[in-house]
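K.L.:
2 protein chains.
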Amino acid sequence: MASAYERKKEPALVRRRLLEHGARLCVEHGVAGLSLQAVADTAGVTKGGLLHHFPTKQALVDAIFDELLQSFEGRVRQLMDADPERFGRFTRAYINATLELLGGEEVVQWSALMMSSVTEPRLKQRWADWLDGQLKQNKQTDSAPALELARHAADGIWLAALLGQGAPPSKALRQALLGLTRKS
Amino acid sequence: MASAYERKKEPALVRRRLLEHGARLCVEHGVAGLSLQAVADTAGVTKGGLLHHFPTKQALVDAIFDELLQSFEGRVRQLMDADPERFGRFTRAYINATLELLGGEEVVQWSALMMSSVTEPRLKQRWADWLDGQLKQNKQTDSAPALELARHAADGIWLAALLGQGAPPSKALRQALLGLTRKS
DNA sequence: CCAAAGATACCATCTGGTTGGTATCTTTCA
DNA sequence: TGAAAGATACCAACCAGATGGTATCTTTGG
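In order, the protein sequence lines correspond to chains A and B. Position 96 of the first sequence, counted from 1, bears residue number 96 in the working numbering, the numbering being contiguous throughout. Count along the second sequence from 1, then add 184; that gives the number in the working numbering.
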């Protein structure tokens with residue numbers, strides 16, 4: 001066991017729970033339909049407690065988005081480092097990271113945030129900036145039209161997985177996609 | 185002029201205005217954040233008037249979705265009829281109809297509804313059913329893996345256009361996409 | 001003791017929806 | 001034809017409940 005001594009307050013853990021449940025509820029009701037009360041309840045804290053950690057609703061949403069973006073970027077970097085081929089390195093990492101998302105738990109969080117980005121200019125801008133920065137950083141290896149198309153296709157697959165509730169993308173599709181990222 | 189007699193009530197026109205402004209507001213605040221009051225105000229009707237045409241918020245949202253889906257299906261059919269080549273006919277029409285959307289006014293309506301579909305199971309199901317039906321209907325001509333990939337790419341381009349606010353897709357990208365839909 | 005963590009109580013505002021009423025349009029029928 | 005009858009379109013006021021946020025209090029950890 002972790003400890004015989006039971007701490008009564010664990011702010012870091014509470015913070016994590018708030019972020020997790022907040023993200024989950026975003027999926028179910030959308031960011032606009034997200035209620036602080038609901039987040040607090042499901043996280044086992046009162047609204048006052050929630051507002052102690054995140055002084056406004058916007059602060060909570062921003063925190064959720066930041067965490068996801070950071071984790072995604074980390075995974076992309078990791079995949080890029082492990083890829084021996086230069087050409088299309090970022091695109092392959094992007095595709096794989098995106099498709100990986102579909103299997104894991106985080107997908108629900110991402111879906112909510114990306115969808116909300118359409119209606120929330122602040123989030124939209126943040127995502128656009130991130131992608132722009134990545135593309136600029138990797139423009140020598142990842143600016144070919146075929147690669148752009150491949151990235152779009154990955155996004156499309158991801159979107160389809162969210163809309164059609166079942167059936168993860170076939171391996172053949174994934175291979176075809178990655179095939180686009182190699183110099184012919 | 186149409187008539188010297190001025191009609192004082194034009195329910196059909198009011199209904200249209202409600203749908204249009206409703207769709208627009210969906211984009212700005214999301215379906216969950218859509219307020220009947222706001223729709224009524226921008227459409228120049230009271231909330232009571234709005235609720236006369238659409239007895240619940242759900243009815244309003246459903247009506248918006250239905251109209252869009254119907255118009256999209258009509259455009260797809262039109263494009264299919266004009267396409268002399270059998271193989272990939274539906275996919276090409278789907279791609280072209282989707283990319284056409286990006287230039288027009290309807291794109292804002294679509295974005296809101298599709299995004300909301302992620303969080304609203306009812307809309308999600310409706311879209312899934314529509315696409316499923318179309319694919320089943322055209323399975324002889326449009327079930328090749330390359331076509332599936334092409335459709336996903338079109339969706340991804342559409343999504344990117346929504347998230348990154350500017351820069352419509354290049355013609356080269358569009359051509360590359362359509363190239364995928366021809367038998368090699 | 002004191003600052004951080006969290007609970008309780010509260011408020012102004014907005015929500016979707018109902019009600020009761022009035023103005024307008026359409027149909028019926030003499 | 002035309003007037004009564006009834007349906008449709010719309011409005012203004014209102015309701016109960018939920019919302020984000022504040023102010024204040026208690027508990028805990030150091």
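Glycine included, C-beta positions come from ideal geometry on N, C-alpha and C. Keep in mind the model is a prediction, meaning the values are calculated, not measured.
1. With 7 Å set as the bound, which would you pick, yes or no: does the beta-carbon of A:VAL61 sit closer than that to a beta-carbon of chain B?
2. Determine the burial state of A:GLU10: buried for a count of at least 16 other Cβ atoms within 10 Å of its Cβ, exposed for fewer.
3. With distances taken from CA atoms, which of A:TRP127, A:LEU79 and A:THR46 is nearest A:LEU36?
4. Exposed or buried, B:GLU289, counting other C-beta atoms within 10 Å across all chains shown (16 or more means buried)?
5. How would you write the range of the alpha helix (DSSP H) that A:VAL118 sits in, first residue to last?
6. Counting contacts by CB-CB distance shorter than 7 Å, is A:VAL259 in contact with chain B?
7. Go ahead and label A:HIS52 buried or exposed: buried means 16 or more other beta carbons lie within 10 angstroms of its beta carbon, across all protein chains shown.
8. For B:TRP211, which residues from the same chain have a beta carbon less than 8 Å from its beta carbon, with the 5 sequence-adjacent residues on both sides left out?
9. Please name the residues in the region 128-140 of chain A whose beta-carbon is closer than 9 Å to at least one beta-carbon of chain B, in chain order.
10. Between the region 352-368 of chain B and the region 275-284 of chain B, do at least 3 Cβ pairs fall closer than 8 Å?
11. Name, going along the chain, the residues of the region 196-229 of chain B whose beta-carbon falls closer than 9 Å to a beta-carbon of chain A.
12. Quick check: A:GLY22 and B:ALA216, are their CB atoms within less than 7 Å of each other?
13. For the alpha helix (DSSP H) that contains B:GLU194, what are its first and last residues?
14. Of all the options A:GLN58, A:LEU19, A:GLY44 and A:ARG75, which has the alpha carbon lying nearest to the alpha carbon of A:GLU120?
15. Rounded to the nearest angstrom, what separates B:ILE279 and A:ALA167 at their Cα positions?
16. Please classify A:ALA172: is it buried, with 16 or more other beta-carbons within 10 angstroms of its beta-carbon, or exposed?
17. What is the rounded straight-line gap between the Cα of A:ASN138 and the Cα of A:PHE90?
18. Any beta-carbon of chain A closer than 7 Å to the one on B:ALA328?
19. Just the chain A side, please: which residues come within less than 9 Å of B:GLU284 by C-beta, in chain order?
20. Measuring only from the beta carbon, is B:LEU286 closer than 6 Å to any heavy atom that is part of the ligand HEM?
21. Mapping DSSP to helix, strand and coil, what is B:ALA356?
22. The alpha helix (DSSP H) that contains B:ALA133, what's its start and end?
23. Can you confirm whether the region 60-72 of chain A touches the region 318-335 of chain B when touching is taken to mean that 3 or more C-beta pairs between the two stretches lie within less than 8 Å?
24. Confirm, please, whether the CB-CB distance from A:HIS152 to B:ALA224 is below 7 Å.
P.N.:
Per the coordinate set shown:
1. By one-based count along the first sequence, residue 61 of chain A stands at place 61. No, A:VAL61 lies away from the interface with chain B (no Cβ there is under 7 Å from its Cβ).
2. For the purposes of this step, residue 10 of chain A is identified with residue 10 of the first sequence, where counting begins at 1. So A:GLU10 counts as exposed.
3. Numbered from its first residue, the first sequence carries residue 36 of chain A at position 36. Answer by Cα proximity: A:THR46.
4. Within the second sequence, residue 289 of chain B is the residue found at index 105, counting from 1. Its Cβ having fewer than 16 others within 10 Å, B:GLU289 is exposed.
5. The count along the first sequence starts at 1 and reaches residue 118 of chain A at position 118. 106-119 is the span of the alpha helix (DSSP H), which, as asked, contains A:VAL118.
6. As shown, chain A starts at 1 and ends at 184. That puts residue 259 of chain A outside it, with no answer to give.
7. For the purposes of this step, residue 52 of chain A is identified with residue 52 of the first sequence, where counting begins at 1. Exposed, because fewer than 16 other Cβ atoms sit within 10 Å of the Cβ of A:HIS52.
8. Translated into the one-based positions of the second sequence, residue 211 of chain B becomes position 27. With the sequence shown as reference, residue 211 of chain B is identified as Val, and Trp is not the correct amino acid for it. So the list reads VAL292, GLN293, SER295 and ALA296, once near-sequence residues are dropped.
9. ALA128, LEU131 and ASP132
10. yes
11. CYS210, VAL211, GLU212, HIS213, GLY214, VAL215, ALA216, GLY217 and LEU218
12. As a position in the first sequence, residue 22 of chain A is number 22, starting the count at 1. As a position in the second sequence, residue 216 of chain B is number 32, starting the count at 1. Against a cut-off of 7 Å, the Cβ pair of B:ALA216 and A:GLY22 comes out as no contact.
13. Locating residue 194 of chain B in the second sequence gives position 10, counting from the first residue. Element bounds for B:GLU194: n/a, residue is neither H nor E.
14. Residue numbering aside, residue 120 of chain A sits at position 120 when the first sequence is read from its first letter. With distances taken between Cα atoms, A:GLU120 lies closest to A:GLN58.
15. Against the second sequence, residue 279 of chain B aligns to sequence position 95. Against the first sequence, residue 167 of chain A aligns to sequence position 167. If you take the alpha carbons of B:ILE279 and A:ALA167, they lie about 22 Å apart.
16. Here residue 172 of chain A refers to the residue found at position 172 of the first sequence. Flag for A:ALA172 reads exposed.
17. Taking the first sequence and counting its residues from 1, one reaches residue 138 of chain A at position 138. Taking the first sequence and counting its residues from 1, one reaches residue 90 of chain A at position 90. Those two C-alpha atoms are separated by around 7 Å.
18. Here residue 328 of chain B corresponds to residue number 144 of the second sequence, with the count starting at 1. No, because no Cβ of chain A sits closer than 7 Å to the Cβ of B:ALA328.
19. Along the second sequence, read from residue 1 onward, the residue named residue 284 of chain B stands at position 100. In chain order: nothing, as chain A lies at least about 17 Å away.
20. Absence of the ligand HEM from the depicted structure is noted, as is the absence of any ligand whatsoever, leaving it without description.
21. For this step, residue 356 of chain B is matched to residue 172 along the second sequence. Note: B:ALA356 maps to helix in three-state DSSP.
22. Because chain B is modelled from 185 through 368, residue 133 of chain B falls outside the range shown and cannot be assessed.
23. no
24. Here residue 224 of chain B refers to the residue found at position 40 when the second sequence is read from its first residue. Here residue 152 of chain A refers to the residue found at position 152 when the first sequence is read from its first residue. No, these two residues do not count as a Cβ contact at 7 Å.
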